[in-house]
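Colleague: So in the UniProt record's numbering, spot 39 of the sequence shown is number 39, and the numbers just go up one at a time.
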Amino acid sequence: MKNNLNQSTLIVLAHPEPRSFNGKWAQASAEASQASGHTVLFSDLVSMGFDPVEKRSHYEFVPDGGSKDAFDPLRMQDEAAKGDRLPAQVATEIDKVRQADRIIFHFPLWWFGPPAILKGWLERCLVHGALHSSSQRFDSGMCADKKVLFCVSTGSTAMESSPAGKEGDVNMLLWPLAYTLRYLGCTVLQPCLVHGVHGFHQGEAKTELEQRLEQSINNQAQLISNFDDMPVMSFNRDDEFDDRGVLKPSATSQTRFIHHN
1 MKNNLNQSTL IVLAHPEPRS FNGKWAQASA EASQASGHTV LFSDLVSMGF DPVEKRSHYE
61 FVPDGGSKDA FDPLRMQDEA AKGDRLPAQV ATEIDKVRQA DRIIFHFPLW WFGPPAILKG
121 WLERCLVHGA LHSSSQRFDS GMCADKKVLF CVSTGSTAME SSPAGKEGDV NMLLWPLAYT
181 LRYLGCTVLQ PCLVHGVHGF HQGEAKTELE QRLEQSINNQ AQLISNFDDM PVMSFNRDDE
241 FDDRGVLKPS ATSQTRFIHH N
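Here is the structure:
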């Protein structure tokens, strides 16, 4: 195992305002990681002008006017990865992921999911042939040496974001994102959540929110120092599925997303 002085942390920020709580929270993660001896890599997706839309025009080796064949993103990514012809921005992000021992995603939950720019980053940068393949995924994933943490703000309260809450169980809302990283082989930690974050608070409620947000930022150094001891999300192992990819009757379901009928 590498010691901290040889480790790297990638911070991925998906928020349009660097001065927002999410932006400051991400900066706190970066500063705490650097203080612990990690090399810090930072991707502020909005500030760097990341294009979240996968399309044929990103691939310069495809002739002008396209091809007679329909654009197949997965096959195009695989071909570009094998030929070392990925779009420059994507290649840079893949290199960051490969270097990172830890990946910390900072983002707000918008419309019951991550911001579109983060979803687009996943779609464009988690390239087939570069970070996963048909034989290197899940338990055998290329990123099995990496730990992932989601630091997420919600506009709803903790009660509204609970399993019985009107806004839906936030852990279920984050599960598809977590399973995306699990697909690569990553260990995914239980998310760090800050609730009730929006700009419509007034008076005492606004003051209370500002105090909570400041405390969360101040607490980030302690969270980073305890990173390796944080609880992890549970997923079913590869050997708990049959040849059809169906959970075996003898296996205990680890999530409501994958369960027995």
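In this text, a Cβ means the ideal position worked out from N, Cα and C, and glycines have one as well.
Everything numeric in this text was worked out from a predicted model, so none of it was measured.
(1) Would you mind sorting Ser161 into buried or exposed? The rule is 16 or more other CB atoms within 10 Å of its CB.
(2) Given Asp242, which residues of its chain have a CB within under 6 Å of its CB, disregarding the five upstream and five downstream residues?
(3) Could you tell me which residues DSSP pairs with Pro108 in its beta bridges?
(4) How would you call Trp121, buried or exposed, if buried means at least 16 neighbouring beta carbons within 10 angstroms?
(5) Tell me which same chain residues have a C-beta within less than 7 Å of the C-beta of Phe21, skipping the five on either side of it?
(6) For the alpha helix (DSSP H) that contains Ser29, what are its first and last residues?
(7) Using a Cβ-Cβ cut-off of 6 Å (strictly less than) and excluding sequence neighbours within five positions of Asp29, which residues of its own chain qualify?
(8) Could you pull the start and end residues of the alpha helix (DSSP H) that residue 271 belongs to?
(9) Quick test of the definition: if touching needs 3 or more C-beta pairs under 8 Å, does the stretch 89-108 touch the stretch 141-152?
(10) Given a cut-off of 8 Å, decide if Pro231 and Leu177 are closer than it, judged by their beta-carbon atoms.
(11) Can you give me the C-alpha to C-alpha distance between Ser134 and Ala144, rounded to a whole angstrom?
Modeller: Looking at the coordinates:
(1) One-based indexing of the sequence shown puts residue 161 at position 161. Under this definition Ser161 is a buried residue.
(2) Taking the first residue of the sequence shown as 1, we reach residue 242 at position 242. Correct list, in chain order: Lys248.
(3) Within the sequence shown, residue 108 is the residue found at index 108, counting from 1. Among the bridge pairs identified by DSSP, Pro108 is matched with Ser153.
(4) Locating residue 121 in the sequence shown gives position 121, counting from the first residue. With 16 or more other CB atoms across the displayed protein chains lying within 10 angstroms of its CB, Trp121 is buried.
(5) As a position in the sequence shown, residue 21 is number 21, starting the count at 1. So the qualifying residues of the chain are Ser153, Val197, Leu213.
(6) As a position in the sequence shown, residue 29 is number 29, starting the count at 1. Counting along the chain, the alpha helix (DSSP H) containing Ser29 begins and ends at 21-35.
(7) Locating residue 29 in the sequence shown gives position 29, where the first residue counts as 1. Just to set this straight, residue 29 is Ser in the shown sequence, not Asp. Excluding its 5 nearest sequence neighbours in each direction, Ser29 has C-beta neighbours in its own chain below 6 Å: Ile11, Ile104, Gln220, listed in chain order.
(8) Residue 271 cannot be examined here, being either before or after the span of the chain that is shown, 1 to 261.
(9) They touch, by the three-pair rule.
(10) Taking the sequence shown and counting its residues from 1, one reaches residue 177 at position 177. Taking the sequence shown and counting its residues from 1, one reaches residue 231 at position 231. Going by C-beta atoms, Leu177 is not nearer than 8 Å to Pro231.
(11) Translated into the one-based positions of the sequence shown, residue 134 becomes position 134. Translated into the one-based positions of the sequence shown, residue 144 becomes position 144. Each residue's Cα considered, the two are about 15 Å apart.
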